[in-house]
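Residue numbers (the numbering used here): 33 to 191. Following: one structure in structure tokens, then a few remarks.
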């Protein structure tokens, strides 16, 4: 059983502590699905104001739903479609303050108002994306992007 005590004062400290917990959870575990599942649970538990946290895996030429925490979600997303598909196609983090203003936004959960999506790339290969949604407009900022990118960088080595 894992029991993490994460009581960070700042956002940067929070992400450092979650990164340490993710390292402990995934260290030595070779199964990608298990590592994504624990990562989604950890993120959902410790990052405030999220209504969805999870992964889309690159399967063939599209993103396919992976482990997540939240409401049932869209199963398949084409490259370039919505925030997740855009992050995957561009291979760049997408920080969206208002999803209703994002061209082609896919509304899997009508409660989501802002979104942060980070592509997972290992040795030049796109493995998928980490997707974080919030019901709060402009919930995510550059500190969240940097923190989520650090989580993905660690996780990419273990998928």
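Yeah, the Cβ is synthetic: ideal placement off N, Cα and C, and Gly gets one too.
| Item | Value |
| --- | --- |
| Straight-line gap, residue 187 to residue 124 (C-alpha atoms, nearest Å) | 16 Å |
| For residue 90: DSSP bridge partner residues | 95 |
| Rounded separation between residue 129 and residue 171 - CA only | 7 Å |
| Rounded straight-line distance, which links the Cα of residue 184 to that of residue 50 | 12 Å |
| Integer Cβ distance of residue 154 from residue 127, believed to fall under 8 Å | Incorrect: roughly 22 Å between the Cβ atoms, too far for contact. |
| Residue 1 vs residue 98 beta-carbon contact at 7 Å | Given a span of 33 to 191 for the chain in the structure shown, any question on residue 1 remains unanswerable. |
| Touching by the beta-carbon criterion (3+ pairs, under 8 Å), the stretch 104-118 and the stretch 54-65 | no |
| Simplified DSSP assignment, three categories, for residue 145 | coil |
| Residue 174 versus residue 45: straight-line alpha-carbon distance, rounded | 14 Å |
| Whole-angstrom distance between residue 149 and residue 181, CA atom to CA atom | 9 Å |
| DSSP three-state assignment for residue 190, whether helix, strand or coil | coil |
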